[in-house]
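Our numbering numbers the first residue of the sequence shown as 3 and each following residue consecutively. To start, the structure itself, in structure tokens.
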Amino acid sequence: MSTFDEILEQVRELLQSKGRVAYRALKIRFNLDDEYLEGLKAELIDAEQLAVDEDNKVLVWTGEKDRAKQEKVVAHPQPPAPNPQHPISYTPKHLANRILAERTALEARGGTDGERKTITALFADLKGSTALIEGLDPEEARAIIDPALQVMMDAVHRYEGYVAQALGDGIFALFGAPIAHEDHPQRALYAALRMQDEMRRYSDQLRAQGHPPLLMRVGVNTGEVVVRSIHKEDLHTDYVPVGHSTNLAARMEQLAAPGSILITEQTYKLTAGYFECKPMGKTQVKGVEEPLTVYEVLGAGPLRTRLQVAARRGLTRFVGRQSELAQMALAREQAKAGHGQIVGVMGEAGMGKSRLFYEFKLTSQSGVLVLEAFSVSHGKASAYLPIIELLKDYFEITLEDDERKRREKVGGKVLMLDRSLEDILPYLFALLGLEDPTSTLQQMDPQIRRRRTFEALKRLFLRESLNQPLLLIFEDLHWIDTETQGFLDTLSESVASARLFLLMNYRPEYRHEWGSKTYYTQLRLAPLGKEEAEEFLTTLLGETVGATGRSPLYALKQLILEKTQGTPFFMEEVIQTLAEEGVLSGERSHYRLERAPSEIHISPTVQGVLAARIDRLSREEKELLQHLAVIGREFPLSLARQVISQPEEELYRLFSSLQSKEFLYEQPAFPEVEYLFKHALTQEVAYNSMLHERRKALHEQTAKAVEALYSANLDDHYSELAHHYSRSGNTEKAVHQK
Numbered sequence: 003m004s005t006f007d008e009i010l011e012q013v014r015e016l017l018q019s020k021g022r023v024a025y026r027a028l029k030i031r032f033n034l035d036d037e038y039l040e041g042l043k044a045e046l047i048d049a050e051q052l053a054v055d056e057d058n059k060v061l062v063w064t065g066e067k068d069r070a071k072q073e074k075v076v077a078h079p080q081p082p083a084p085n086p087q088h089p090i091s092y093t094p095k096h097l098a099n100r101i102l103a104e105r106t107a108l109e110a111r112g113g114t115d116g117e118r119k120t121i122t123a124l125f126a127d128l129k130g131s132t133a134l135i136e137g138l139d140p141e142e143a144r145a146i147i148d149p150a151l152q153v154m155m156d157a158v159h160r161y162e163g164y165v166a167q168a169l170g171d172g173i174f175a176l177f178g179a180p181i182a183h184e185d186h187p188q189r190a191l192y193a194a195l196r197m198q199d200e201m202r203r204y205s206d207q208l209r210a211q212g213h214p215p216l217l218m219r220v221g222v223n224t225g226e227v228v229v230r231s232i233h234k235e236d237l238h239t240d241y242v243p244v245g246h247s248t249n250l251a252a253r254m255e256q257l258a259a260p261g262s263i264l265i266t267e268q269t270y271k272l273t274a275g276y277f278e279c280k281p282m283g284k285t286q287v288k289g290v291e292e293p294l295t296v297y298e299v300l301g302a303g304p305l306r307t308r309l310q311v312a313a314r315r316g317l318t319r320f321v322g323r324q325s326e327l328a329q330m331a332l333a334r335e336q337a338k339a340g341h342g343q344i345v346g347v348m349g350e351a352g353m354g355k356s357r358l359f360y361e362f363k364l365t366s367q368s369g370v371l372v373l374e375a376f377s378v379s380h381g382k383a384s385a386y387l388p389i390i391e392l393l394k395d396y397f398e399i400t401l402e403d404d405e406r407k408r409r410e411k412v413g414g415k416v417l418m419l420d421r422s423l424e425d426i427l428p429y430l431f432a433l434l435g436l437e438d439p440t441s442t443l444q445q446m447d448p449q450i451r452r453r454r455t456f457e458a459l460k461r462l463f464l465r466e467s468l469n470q471p472l473l474l475i476f477e478d479l480h481w482i483d484t485e486t487q488g489f490l491d492t493l494s495e496s497v498a499s500a501r502l503f504l505l506m507n508y509r510p511e512y513r514h515e516w517g518s519k520t521y522y523t524q525l526r527l528a529p530l531g532k533e534e535a536e537e538f539l540t541t542l543l544g545e546t547v548g549a550t551g552r553s554p555l556y557a558l559k560q561l562i563l564e565k566t567q568g569t570p571f572f573m574e575e576v577i578q579t580l581a582e583e584g585v586l587s588g589e590r591s592h593y594r595l596e597r598a599p600s601e602i603h604i605s606p607t608v609q610g611v612l613a614a615r616i617d618r619l620s621r622e623e624k625e626l627l628q629h630l631a632v633i634g635r636e637f638p639l640s641l642a643r644q645v646i647s648q649p650e651e652e653l654y655r656l657f658s659s660l661q662s663k664e665f666l667y668e669q670p671a672f673p674e675v676e677y678l679f680k681h682a683l684t685q686e687v688a689y690n691s692m693l694h695e696r697r698k699a700l701h702e703q704t705a706k707a708v709e710a711l712y713s714a715n716l717d718d719h720y721s722e723l724a725h726h727y728s729r730s731g732n733t734e735k736a737v738h739q740k
């Protein structure tokens, strides 16, 4: 439940943005009683002098302490402000800042040319709103509809989506652009479920006040759009759907029954396992020739991580990583002997961090209590989320347990462990949503409460480690919230002399302060070596792969190795995509090649991972990476200098940065340095993010640079020139080079 100060802040922001708000609207929106409302009025009108009363019906924003100005406002009341139409008026400041940063990057990469983005589109609207507000005063009608719209927008913003339009009694939102996320389909569905839950609560309030309830319908689809520009003054984004991408989301909304969420098959494939869905069969959709398979989203599913989804369809045989397993086993034995250890496993997305932990857990069940917590990409907004999940596991709390049962499980286990821990119970209850409304924690200073919560958790785990060695596993720390991070920092100071093994994994961008501790070890996961990668592909494709060295499957295997550079997740996804496209038939480990693939397509999952990583680059780095993607997978430094108009010192700085982030590798060559994209897939994603016209211009620019740089020996570069001129649309020059 929100505190008075939290509601006051929300009312202050609402009043400032709209100018004037009816008291009745505030009571409906925040479910206030008369006494609470009077308290808010006293604070805003008398104490802060930021508003004035109008006829005891409306609160009017002044923002000034000047009495003459206040009287002027009262004497000339303004009509009710219209529904906010520009995204700048309803987008939270932290998201607006990130969107404007993307605008700056877009401009630097070619003005209004824009970029291609794979996104998930969401449409939501209210059913029955017309009947609900019939006969009501316009301001009273707004007091009912506006909170419903706010519910929709709050859910979108919680998962860092972008509300592109507010449509009177509905919204249109994008996930994955302008802010890129590798899991935008999941974020969209989490937002859809949240807005339906909140809408049901709001409808209950309306029903209690004698109004008919509001029902909402939601439609979602995943596809491509072109993001052309973002307007600084109002945050409006110009986007152009590619094909039916956003249109299908609108069609899903129109087909959805009130209170339901409908999604296309494309979105379903990307979210299966994460959500409970019911197939609705094939449906004819206006504007689409073939009937489409449609699904209804019923709720969140049992699976939360990519590894859990993979495990459901069957894990492949574990290959390699024996050295890492051995080092983790050594740390575990040291911890069991009372010399606590911290091990961090670092690696890019797709390197197999979670699978490594899965295999390690299989050998760590005997004589050790294993507790694990997962971070999710949208979890930074939820304080202590991984800790809460870990505590539920420790106390064996299930969804079926009511509040009384949960309190019994927590209290019973803590007191059985050590009665001196009784004073930590209020903090554990608070974390698990079991806090007593009369608890002194409600009035405690937030910083003191935070510190004591950390100490309570630390005492619990250290005391448990006296009973039995304790293995605490935290996955994906790059997505961790600040409260969980604070707890880990506190716990890390007390590990050395405990029977405690803290095992964590994260991507390279994660930063921590444990590096100097003698009991900390970092393991870096690199791509699988050539032999291990070939063995891994053999387990995926079948034992007959490469038997002759000339078989079609052998050639396919080499192509996959070249594309993925030994990244396990990428290899699995490429083969899954080939099977879905009919290039491969049969089943895992027993595939047959039906036809030679003309090219290997990137799965949407891999595309999302790589696109989000590229979008985290600075504006200058991303622009350079896109330019280099046009030049080719491999290129000499002299050609890059010829194509890219950057001062030499700046160019070297950017190259060095892209190398340190492992987008590019430098390879020895004579007579000059050459560079190589770490992954052909990374090059492909960077290339495909550009619009066709921009690609053509850069291909033409590159071809001319090749002609100028190698004028003395053009014969050695004809195929290169033909490639760039054909991609630029300069057919005459392309034919001439062949």
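For glycine and all other residues, C-beta sits at the position ideal for the given N, C-alpha and C. All values derive from a computational prediction rather than experimental measurement.
Per-residue burial, residue i [other beta carbons within 10 Å of its own, 16 or more giving buried]
i: Gln18; result: exposed
i: Pro388; result: buried
i: Glu326; result: buried
i: Ser620; result: exposed
i: Asp478; result: buried
i: Asp617; result: buried
i: Gly178; result: buried
i: Ser467; result: buried
i: Met418; result: exposed
i: Glu335; result: exposed
i: Pro670; result: exposed
i: Arg253; result: buried
i: Gln286; result: exposed
Secondary structure of residue i, DSSP reduced to three states
i: Pro304; result: coil
i: Ser356; result: helix
i: Trp481; result: helix
i: Phe431; result: helix
i: Ile604; result: coil
i: Gly340; result: coil
i: Lys119; result: strand
i: Tyr556; result: helix
i: Ile475; result: strand
i: Phe503; result: strand
i: Glu589; result: strand
i: Phe489; result: helix
Contacts around residue i, its chain only, beta-carbon distance under 8 Å, and the 5 residues preceding and following it disregarded
i: Leu191; result: Val222, Ile263, Ile265, Thr269, Thr273, Tyr276, Phe277, Val299
i: Glu511; result: His480, Arg618
CB of residue i within 7 Å of CB of residue j, strictly
i: Lys355; j: Gly346; result: no
i: Ala500; j: Leu464; result: yes
i: Leu52; j: Leu46; result: yes
i: Glu374; j: Val229; result: no
i: Arg409; j: Leu430; result: no
i: Met330; j: Phe362; result: yes
i: Phe572; j: Thr566; result: yes
i: Gly322; j: Glu536; result: no
i: Leu666; j: Tyr677; result: yes
i: Thr492; j: Phe456; result: yes
i: Ala328; j: Met218; result: no
i: Ser379; j: Asp185; result: yes
i: Ala123; j: Leu176; result: yes
Close Cβ partners of residue i (< 7 Å) along its chain, the five nearest in sequence each way excluded
i: Gly289; result: His246, Asn249
i: Ile390; result: Leu433, Leu434
i: Ser730; result: Lys698, His701, Glu702, Ala705
i: Ala258; result: Arg219, Val220, Gly221, Leu264
Neighbourhood of residue i by C-beta distance below 6 Å, restricted to the same chain and skipping five residues each side
i: Pro281; result: Tyr297
i: Ile577; result: Leu542
i: Arg31; result: Pro149
i: Val608; result: Phe572, Glu575
*What are the uninterrupted segments assigned as beta strand (DSSP E) that are 3 or more residues long and contained completely in the stretch 150-232, given in chain order?*
164-168, 172-177, 217-232
*Could I get the ranges of all uninterrupted beta strand (DSSP E) runs contained in the stretch 628-679, with 3 residues as the minimum, in chain order?*
Correct list: 636-638, 666-669, 676-679.
*Counting only runs that start and end within the stretch 244-280, where is the alpha helix (DSSP H) found for 4 or more residues in a row?*
247-257, 267-273
*Can you give, in chain order, each stretch of the alpha helix (DSSP H) that sits fully within the stretch 358-408 and has at least 4 residues?*
387-396
_Suppose only complete runs of 4+ residues qualify. What are the alpha helix (DSSP H) ranges in the stretch 519-547, listed by chain order?_
532-543
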